[in-house]
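Using full-length UniProt numbering, the first residue of the sequence shown is number 1, and each one after it goes up by one.
Ideal placement from N, C-alpha and C gives every residue a C-beta, glycine not left out.
Here is the structure we will look at, set down as structure tokens.
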Amino acid sequence: MTKEIRHTSYISRLQTLPKLDSSSKRTLLCSIATDITATFICISKHIENGTLSDEHTASIESVIDIIKGTEVSQRQMLERKVKRYTRLARRLKSEREWMRREFGELVKQADAVNLRWKKRVRALEVLSVDPPIDTPEEEHNRPNMSRPGDYDAVRKDIIAQLKKPDYDDGSAGPVFVRLAWHSAGTYDLETDTGGSNGAGMRYEAEGGDPANAGLQHGRAFLEPVKEKHPWITYADLWTLAGVVAIEALGGPSIVWKPGRTDLVDDSKVPPRGRLPDAAQGAEHLRAVFYRMGFNDQEIVALAGGHTLGRCHIDRSGFQGPWVNNPTRFSNQFFNLLLKLDWKPKTLPNGISQFVYVDPEADEGDEPLMMLPTDIALKTDPAFRVWVEKYAADKDLFFDHFAKAFAKLMELGIKRDEKDRVINADNVKGGYISAPKKSNHPTGPARGAQGGCPVSAAAQGGCPRAKL
Numbered sequence: 001m002t003k004e005i006r007h008t009s010y011i012s013r014l015q016t017l018p019k020l021d022s023s024s025k026r027t028l029l030c031s032i033a034t035d036i037t038a039t040f041i042c043i044s045k046h047i048e049n050g051t052l053s054d055e056h057t058a059s060i061e062s063v064i065d066i067i068k069g070t071e072v073s074q075r076q077m078l079e080r081k082v083k084r085y086t087r088l089a090r091r092l093k094s095e096r097e098w099m100r101r102e103f104g105e106l107v108k109q110a111d112a113v114n115l116r117w118k119k120r121v122r123a124l125e126v127l128s129v130d131p132p133i134d135t136p137e138e139e140h141n142r143p144n145m146s147r148p149g150d151y152d153a154v155r156k157d158i159i160a161q162l163k164k165p166d167y168d169d170g171s172a173g174p175v176f177v178r179l180a181w182h183s184a185g186t187y188d189l190e191t192d193t194g195g196s197n198g199a200g201m202r203y204e205a206e207g208g209d210p211a212n213a214g215l216q217h218g219r220a221f222l223e224p225v226k227e228k229h230p231w232i233t234y235a236d237l238w239t240l241a242g243v244v245a246i247e248a249l250g251g252p253s254i255v256w257k258p259g260r261t262d263l264v265d266d267s268k269v270p271p272r273g274r275l276p277d278a279a280q281g282a283e284h285l286r287a288v289f290y291r292m293g294f295n296d297q298e299i300v301a302l303a304g305g306h307t308l309g310r311c312h313i314d315r316s317g318f319q320g321p322w323v324n325n326p327t328r329f330s331n332q333f334f335n336l337l338l339k340l341d342w343k344p345k346t347l348p349n350g351i352s353q354f355v356y357v358d359p360e361a362d363e364g365d366e367p368l369m370m371l372p373t374d375i376a377l378k379t380d381p382a383f384r385v386w387v388e389k390y391a392a393d394k395d396l397f398f399d400h401f402a403k404a405f406a407k408l409m410e411l412g413i414k415r416d417e418k419d420r421v422i423n424a425d426n427v428k429g430g431y432i433s434a435p436k437k438s439n440h441p442t443g444p445a446r447g448a449q450g451g452c453p454v455s456a457a458a459q460g461g462c463p464r465a466k467l
């Protein structure tokens, strides 16, 4: 009877088994197992004595039934959960199919946008650090602006700026070429300073150099392009403008690569005095261009750029065009240099240049001019060899000029095997596009009486006498 009372107490506790946590269940079941073992020992003795009856086994059967009932309830609970999750999965599938029907086209558009942006990023691998990429939403909000890296769009807008009826000979092309040339021509091979990276002319230290007088017009002409393409750096814009202008004015196609960054301050602007002084001779040309890494042939080829544009007495200190059609790229500069009779002439500012007065010219016609450094190309034997070759062979000149100008645009630029710029400023600072500047020309003040400072002219030189 004592055993039956104990089993009855366990039976009541077993009924609470489904409500217990795992640890409590294990403790209770271990206790029950111990008691069941003792009960079976008792049953065995009754069997041996022949006294076993239903009352001896009733408690064991009750425990077994409760345990089975517990298993059934647990299984039923799991089945209910499975059914509930199955219904939820069917509902989610139904909702997903509805969303696919309703928004399928939007999903396709989103996938297309993602693919397009991935292609743009891959296309910009030539940059040391990719230009900032606008999101599709930002692009939508700025419909008049190009995609970052769309240099074809920039080229088209540069071409649109070339025609300037009220400026010089009706074209901004020549001043774009001079801007590109001066932005790169400060390079020093020995110290690895200067060059086309940085766009230092945005600062007075370089932009105010008398050698750069007049280039404020070229920079201002390109501001509408910068406004439409704010992602491009000035360093890239100025060099690209020179390349585009040469080709648009009938010259050769020139290889151009992007990736230049803009300096964040003027601490790395090169010192003044690195650009050629047009009042000097052959040895001065060699000193300046050898410093940049050019040879005699490349010096003469680059001088052929004088087929474009003109000099201004209030800028360089010289006056007049080199050729009759200063907005058409050709080898005419070399032909005229060799064939015409160039006479020295002193300008009102005290600067000397060479002019050709056409006896058949109409009154008021502006005479053609040559600089002292131009005449040096004819009188120096090593230079003259190339002058004669280029005068006789326009294709040869175009080929050599394109290569020399491409080299000029890359002065100071270091690239890896993927053509990405790896200069320290680019790697550490990224592709920094400086904020847009004024659309109006700002630059060096003019000298006395609109030309060269009188004191400098009296000393036989002019700080603006640079190309």
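Beta carbon of residue i, beta carbon of residue j: below 8 Å?
i: Leu215; j: Ala278; result: no
i: His217; j: Tyr167; result: yes
i: Ala301; j: Phe176; result: no
i: Glu227; j: Lys436; result: yes
i: Ile432; j: Val421; result: no
i: Ala172; j: Ala199; result: no
i: Asn423; j: Asn197; result: yes
i: Trp181; j: Leu408; result: yes
i: His312; j: Asp374; result: no
i: Leu179; j: Arg219; result: yes
i: Ala213; j: Arg310; result: no
i: Leu249; j: Leu308; result: yes
i: Trp322; j: Phe333; result: yes
i: Phe383; j: Asp296; result: yes
i: Ala282; j: Ala376; result: yes
i: Gln319; j: Leu347; result: yes
What separation, rounded to the nearest whole angstrom, lies between the Cα atoms of residue i and residue j?
i: Val390; j: Gly251; result: It should be noted that the sequence gives Tyr, not Val, for residue 390. Looking at the two C-alpha atoms, the distance is approximately 14 Å.
i: Lys378; j: Ser352; result: 17 Å
i: Leu29; j: Leu92; result: 41 Å
i: Asp395; j: Tyr203; result: 39 Å
i: Glu247; j: Gly350; result: 36 Å
i: Ile32; j: Ile47; result: 22 Å
i: Asp134; j: Asp150; result: Note that Asp134 scores 48 on pLDDT, short of 50, meaning its location in the model is unreliable; the coordinates nonetheless yield the value given after this. Asp134 and Asp150: Cα-Cα distance of roughly 13 Å.
i: Val355; j: Asp262; result: 40 Å
i: Gly273; j: Ala245; result: 26 Å
i: Asp265; j: Gly194; result: 14 Å
i: Pro131; j: Glu360; result: Residue confidence for Pro131 is low, a pLDDT of 46 falling below 50, so the modelled location carries little weight and cannot support an answer.
i: Ser24; j: Glu55; result: 30 Å
i: Cys452; j: Gly317; result: Confidence at Cys452 is low in this model, with a pLDDT of 42, below 50, so the placement of that residue should be treated as unreliable; the coordinate-derived value is given next. Distance between the alpha carbons of Cys452 and Gly317 is about 6 Å.
i: Ile43; j: Arg80; result: 40 Å
i: Ala89; j: Asp21; result: 29 Å
i: Asp35; j: Gly50; result: 22 Å
i: Met145; j: Leu162; result: 20 Å
i: Ala38; j: Arg26; result: 19 Å
i: Glu340; j: Glu417; result: The question names Glu, yet the displayed sequence has Leu at residue 340. So the alpha carbons of these two residues sit roughly 48 Å apart.
i: Val255; j: Arg415; result: 15 Å
i: Gly207; j: Ile158; result: 21 Å
Nearest to residue i by alpha carbon, out of the options?
i: Thr233; options: Ile254, Pro258, Ile246, Pro210; result: Pro258
i: Gly293; options: Thr191, Pro165, Glu55; result: Thr191
i: Asp399; options: Asp416, Glu298, Pro344; result: Glu298
i: Pro224; options: Thr193, Val154, Ala282, Gly208; result: Val154
i: Lys156; options: Met201, Gln332, Val243; result: Val243
i: Asp209; options: Arg310, Leu52, Pro270; result: Pro270
i: Arg147; options: Lys163, Arg219, Trp231, Arg87; result: Trp231
i: Tyr187; options: Arg291, Glu95, Asp296; result: Arg291
i: Ala434; options: Arg260, Ser94, Lys164; result: Arg260
i: Ser253; options: Lys345, Trp322, Phe397, Arg84; result: Phe397
i: Gly304; options: Ala287, Glu410, Pro326, Gln319; result: Pro326
i: Ala160; options: Ala241, Leu52, Glu366; result: Ala241
i: Lys345; options: Ala392, Pro367, Ala282, Arg96; result: Pro367
Exposed or buried, what is residue i when buried is set at 16 or more other beta-carbons lying within 10 Å of its beta-carbon?
i: Met369; result: buried
i: Pro381; result: exposed
i: Lys19; result: exposed
i: Glu125; result: At Glu125 the pLDDT is 43, less than 50, meaning the model places this residue with poor confidence; the figure from the coordinates comes in the next sentence. Burial call: exposed.
i: Val387; result: buried
i: Arg100; result: exposed
i: Ser183; result: buried
i: Phe329; result: buried
i: Ala392; result: exposed
i: Phe40; result: exposed
Check the Cβ-Cβ distances between residue i and every residue of chain D, and say whether any is below 8 Å.
i: Ser44; result: Annotation note: the requested chain D is absent from the structure, which comprises a single protein chain.
query: What are the complete beta strand (DSSP E) segments, minimum 3 residues, inside the segment 227 to 286?
result: none
message: If we require 4 or more residues per run, which alpha helix (DSSP H) segments fall completely within the segment 299 to 354?
response: 332 to 339
message: Extract the residue ranges of the alpha helix (DSSP H) inside the segment 400 to 445, only unbroken runs of 4 or more that lie entirely within it.
response: 424 to 429
field: In chain order, each alpha helix (DSSP H) run of at least 4 residues that lies wholly inside the segment 356 to 396
entry: 372 to 379, 381 to 392
- prompt: If you scan the segment 150 to 210 from start to end, which runs of the alpha helix (DSSP H) of 4 or more residues do you find wholly inside it?
  reply: 151 to 160, 173 to 184, 204 to 207
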